[in-house]
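Below: the structure, in structure tokens.
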Amino acid sequence: MELRLKQERLFDEDIYTVHPEDYRALCEKLKADGFDFPRAVSGIDTGYGLRVTLHLTRLHDRAKVTVRTDVRYENPVVASVTDLWPGVEWYEREAYDMLGVRFSGHPDLRRILLEDEWELHPLLKRYDTGGYPIPGWEPKAWPDPDPWTPPPPPEPEAGEAGEGGEAS
Amino acid sequence: MSQIPIPEDRHFRPRLFGYDPQKSRPWLERAVYSAYVFVFWLLVITTYAGVPALFGALGWDSGWGFVFMRALQVVLLFLLSAVLALLLILVLRKYLGKVQERFGPMHYGPAGGIQTIFDALKLLAKEDFVPAAADVLTFRLAPAVTFVASFAMFAVIPFASGWVLADTNVGLVYLIAVSTLSTYGVLLGGVSSGNKWALIGALRAGAQMVSYEIPLALVFLTVAVWSGTLSLSGIVDAQLGLWNFLPLALPFVLYVIASLAELKHIPFDFPEAESELIAGYNVEYSGMSFAFFFLAEFVELFLLPALIVVFFFGGWHGPLFGLEPGSLAAGALESLYFTLKTAVWVWIFLWIRATLPRYRDDQLMEFAWKAMIPLALFGLVLAAYMRLIWR
Amino acid sequence: MSTMNLEPVPGRTDEMIVNMGPQHPATHGVLRVVLGLEGERITRAVPHIGYLHRNHEKIEEARTYPMVIPYTDRMDYVSGTQNELPFVLAIEDMLGVEVPDRARKIRTMFFELFRLASHLVWMGTAMLDLGAISPFLYTFWDREIILGIVEKTAGARMLPNYYTFGGVRRDVHPDFFKEVADLLDHLERRMVDYEHLVLESPVVHARTIGVGVLSKERAIARGVSGPVLRASGVAYDVRKAFPYDAYPDVEFEIPTSPDGDTYARFWVRFQEMYQSIRILRQLLELTPKTGPFKGKAPARIKPPAGERYRAVENSRGELGVFVISDGTDKPYRVKHRGAAFSNLQIIPDLFIGAKFSDAIAILSSLDPVFGEIDR
Chain A
-18 MELRLKQERL
-8 FDEDIYTVHP
2 EDYRALCEKL
12 KADGFDFPRA
22 VSGIDTGYGL
32 RVTLHLTRLH
42 DRAKVTVRTD
52 VRYENPVVAS
62 VTDLWPGVEW
72 YEREAYDMLG
82 VRFSGHPDLR
92 RILLEDEWEL
102 HPLLKRYDTG
112 GYPIPGWEPK
122 AWPDPDPWTP
132 PPPPEPEAGE
142 AGEGGEAS
Chain B
2 MSQIPIPEDR
12 HFRPRLFGYD
22 PQKSRPWLER
32 AVYSAYVFVF
42 WLLVITTYAG
52 VPALFGALGW
62 DSGWGFVFMR
72 ALQVVLLFLL
82 SAVLALLLIL
92 VLRKYLGKVQ
102 ERFGPMHYGP
112 AGGIQTIFDA
122 LKLLAKEDFV
132 PAAADVLTFR
142 LAPAVTFVAS
152 FAMFAVIPFA
162 SGWVLADTNV
172 GLVYLIAVST
182 LSTYGVLLGG
192 VSSGNKWALI
202 GALRAGAQMV
212 SYEIPLALVF
222 LTVAVWSGTL
232 SLSGIVDAQL
242 GLWNFLPLAL
252 PFVLYVIASL
262 AELKHIPFDF
272 PEAESELIAG
282 YNVEYSGMSF
292 AFFFLAEFVE
302 LFLLPALIVV
312 FFFGGWHGPL
322 FGLEPGSLAA
332 GALESLYFTL
342 KTAVWVWIFL
352 WIRATLPRYR
362 DDQLMEFAWK
372 AMIPLALFGL
382 VLAAYMRLIW
392 R
Chain C
451 MSTMNLEPVP
461 GRTDEMIVNM
471 GPQHPATHGV
481 LRVVLGLEGE
491 RITRAVPHIG
501 YLHRNHEKIE
511 EARTYPMVIP
521 YTDRMDYVSG
531 TQNELPFVLA
541 IEDMLGVEVP
551 DRARKIRTMF
561 FELFRLASHL
571 VWMGTAMLDL
581 GAISPFLYTF
591 WDREIILGIV
601 EKTAGARMLP
611 NYYTFGGVRR
621 DVHPDFFKEV
631 ADLLDHLERR
641 MVDYEHLVLE
651 SPVVHARTIG
661 VGVLSKERAI
671 ARGVSGPVLR
681 ASGVAYDVRK
691 AFPYDAYPDV
701 EFEIPTSPDG
711 DTYARFWVRF
721 QEMYQSIRIL
731 RQLLELTPKT
741 GPFKGKAPAR
751 IKPPAGERYR
761 AVENSRGELG
771 VFVISDGTDK
781 PYRVKHRGAA
791 FSNLQIIPDL
801 FIGAKFSDAI
811 AILSSLDPVF
821 GEIDR
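In structure tokens, the structure reads:
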């Protein structure tokens, strides 16, 4: 199946922006490509939705890759990759704790830093540092085209989507 | 350790009327320790020579008079053990300070000399707290059991020739019986606290006792076989020519290790391992209940080295400089020898405490059952054989 | 943090559920582990963190870029300036600021000084957990000298706020190089004593060898880094893998051990201290005594919109930061990747099946610092 993703290169790492439904498939592909060391999972409130960013390294040749996927506020569900890299377990819990991203298939998705009874997800941009809702905060419109849409190829033979995995 | 440069200007040094408490004064410290040892020695002389002499002069040395005399001696021994605990706690803290490149208590009294008296007063003033989950009667009883069991060992310790409360001919059997009792206090205290850490500590104490008591008893037996008597005075007298630590080298080493375990002392302080069980069996105790556990610990820290001296280092023996044996002066000198020999062993125990980390509890068990008991049995057979040949 | 407790297994009466922490003396702060104990053996272990949570990441979103640096200091509070570096490097990448050679070397010297300080604290506390009181005092005296040197230059001891975009905030104190040289001489003498007290102690051998073995595959998959990963036989060190600052200019080795047990983690940290001393000796020679200590950074830091992940090898492993800029003078999002946070995840793996006393030894060999884990 063709993965819906966009590939960029920033400094020394490859960055894939992928459709949330294909996030898991891309991660499985990267795992098969030998990206064995999970660095971190970051949750980000982009203003129009939530973004999950997964940083990976391949230890033997030090290739770095970042996978990111955007979900809408209404349905923030991303597939968990804990079974591929057990080291992201706590990072996914943290992203859930701080932003409310739900990782489907996570073995133990509880809050990690805040109490179980906590009501807010504090890193959401709709709250200020005191945890109070910012008056007049409105989510931005979902970007058009979607974040994972590859840029229109200037030449026909440029960057085939889904070709990623190897560090160049 | 190599001397490290202490940056002089970095420390706030409070001065009171020109007296700098943070200045190290070795001579003053020694004077303080000597004062404590002197008080201790005076108490020993009073207990073992003064009181009998007084009662003898009054003609009260038989019947009920004798009972009163013994009671007075026990009261004096209690005072003595309090002085002992105050001294040993101070020495422990000062010595750990020395080893750790710091000063230890400095502020109360000359060179911190009465710090422990204030500590004891603080414990007296504290609330004696009983947790809601505790079994009150057992919880209250446990420190007393521990202390009484340790304190009862004084009865058979000979400080000089004839200076012993009960020169019984079953001294060793009595010691085995009484020293095991103090573990009951620990067990009861830990189990009745209603605290899981205390429970684990108590269970560890029980398991530990099972490991060290058997080699300890075997060493007692070896000493008895070698000396041909069960009386502690008899054992000391039997060492007149040759101190036991030379012919009984193996039992001696085993005895030191087993005493460390009995003392619940590093490297075998599992029941109260503060980095694992917080404080183990005494975690819920406060105030005077805690103080009694503490007192028992430090009384044992004197008594077990004292037993090493009795069994292996000739007890009170030492040059008498022509004094007539049995006189008051000779007794005083002998008890001083005994005290000083014991002090050396206390120092060795403190040295171990300042240096070593802690073993794991099952490692002591393994060591005790797989190494110490066979070795102790071997030492016993060897001692019996040597006695058969040479004596 | 969680109020969750372990539920007793129905029909099982030999398991006791014990709450270790957050006020337990061996948890290096505020870790809470709920343990199922069967006698002394651990059957279940669930770690709970968050008792020191301050939400740095939210606070940092409301601060300008230079104001973020002191906040990063408060993460791994025993290794001071090491926390500032990933953030500073990331912003320098985004701004394209050039760092003078001397400034890079001074930064690296402070970085390694704090590695020594942090490993000294580890050594003391690890031995304290194993029951030895004296090494704790010895190592804290030596750390005191390091903090004194840092204080003379940076003005603060533990949380110096010394690095800045394009270099360091102020030039080193005139005594700095001599004091560092004296310190290294002193530490080399002391390391002999420490080896006697720690690595060669038979009691330490009995407590650590073969205890808490972490396999190489498990270590990588769990995202473990730093000395814990290298003790499992993986020669991954950010200083070599993605060199930063003056590390390309100096020679050093990555000590690894194939054993993966608690003793190997102790041993690797010791060898790292020797390597730190070696790096500092080289930098004492290489660093010019005078010269620029700061590059030309804009007066008002406004990185262009974009994102950057940078990592450094701090005392505990890979300390990363993921910065997203939206072109204003405040970061849009700062995400910290804590080395100790990742390393702590292996607690259930290592604890279950171990003895309770072993758990204390294992925890001390992971060297967690809760300022960084709870952030």
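Chains as they are written, first to last, in this note's numbering: chain A, -18 to 149; chain B, 2 to 392; chain C, 451 to 825. Glycine included, every Cβ here is placed at the ideal spot set by N, Cα and C. Since this is a predicted model, take the numbers as computed values, not measurements.
Mapping DSSP to helix, strand and coil, what is residue i?
i          : result
Ile115(A)  : coil
Ala126(B)  : helix
Pro111(B)  : helix
Lys752(C)  : coil
Ala219(A)  : In this structure chain A extends from -18 to 149, so residue 219(A) is not present and cannot be described.
Thr34(A)   : strand
Phe84(A)   : strand
Pro135(A)  : coil
Pro268(B)  : coil
Tyr(-3)(A) : strand
Asn764(C)  : strand
Gln74(B)   : helix
Asp543(C)  : helix
Phe13(B)   : For Phe13(B), the predicted structure reports a pLDDT of 49, less than 50, and the residue's modelled location is therefore unreliable. A value from the coordinates is still provided. Note: Phe13(B) maps to coil in three-state DSSP.
His636(C)  : helix
Ser63(B)   : coil
Do residue j and residue i come within 8 angstroms of each other at the CB atom, strictly closer than that value?
i         : j         : result
Val52(B)  : Met70(B)  : yes
Ala811(C) : Arg657(C) : yes
Ala150(B) : Val179(B) : yes
Glu511(C) : Arg783(C) : yes
Phe148(B) : Ala369(B) : no
Arg731(C) : Leu634(C) : yes
Pro252(B) : Val224(B) : yes
Phe772(C) : Thr34(A)  : yes
Thr558(C) : Tyr613(C) : no
Just the C-alpha distance for residue i and residue j, rounded to the nearest angstrom, thanks.
i         : j         : result
Val69(A)  : Tyr4(A)   : 15 angstroms
Arg504(C) : Gly15(A)  : 36 angstroms
Gly482(C) : Ile492(C) : For the record, residue 482(C) in the displayed sequence is Arg; it is not Gly. So the alpha carbons of these two residues sit roughly 15 angstroms apart.
Pro326(B) : Gly332(B) : 7 angstroms
Lys666(C) : Pro708(C) : 8 angstroms
Ser682(C) : Thr706(C) : 7 angstroms
His108(B) : Glu275(B) : 26 angstroms
Tyr713(C) : Leu800(C) : 14 angstroms
Pro248(B) : Gly66(B)  : 43 angstroms
Val165(B) : Tyr37(B)  : 22 angstroms
Val59(A)  : Thr50(A)  : 8 angstroms
Phe502(C) : Ala126(B) : Checking the sequence shown, residue 502(C) turns out to be Leu, not Phe. If I take the Cα positions, the gap works out to 35 angstroms.
Arg11(B)  : Ile595(C) : The pLDDT assigned to Arg11(B) is 48, lower than 50, so where the model puts this residue is not dependable; a value taken from the coordinates is nonetheless given after this. Going from the Cα of Arg11(B) to the Cα of Ile595(C) covers about 11 angstroms.
Within 10 Å of its beta-carbon, does residue i have 16 or more other beta-carbons around it, so buried, or fewer, so exposed?
i         : result
Glu822(C) : buried
Ala749(C) : exposed
Phe198(B) : In the sequence under discussion, the amino acid at residue 198(B) is Trp, which differs from the Phe named in the question. Looking at its Cβ environment, which holds 16 or more other Cβ atoms inside 10 Å, Trp198(B) is buried.
Arg211(B) : A small fix is needed here, since residue 211(B) is Val in this sequence, not Arg. So Val211(B) ends up on the exposed side.
Tyr386(B) : exposed
Ser63(B)  : exposed
Ser815(C) : buried
Asp625(C) : exposed
Leu173(B) : buried
Gly112(A) : exposed
Leu341(B) : exposed
Gly143(A) : Legend: pLDDT at Gly143(A) = 47, less than 50; position of this residue unreliable, no value from coordinates given.
Asp41(A)  : The residue asked about is misnamed: residue 41(A) is His in this sequence, not Asp. Exposed.
Ile201(B) : buried
Arg462(C) : exposed
Open item on the list: Closer than 8 angstroms is the cut-off here; do at least three beta carbon pairs connect the segment 227 to 247 of chain B with the segment 268 to 287 of chain B?
Closed with: Because the criterion of three Cβ pairs below 8 angstroms is not met, the segment 227 to 247 of chain B and the segment 268 to 287 of chain B do not touch.
- [ ] Could you say if the segment 246 to 263 of chain B and the segment 307 to 320 of chain B meet the contact criterion of at least three C-beta pairs nearer than 8 angstroms?
- [x] Contact holds between the segment 246 to 263 of chain B and the segment 307 to 320 of chain B, because three or more Cβ pairs, one in each stretch, are under 8 angstroms apart.
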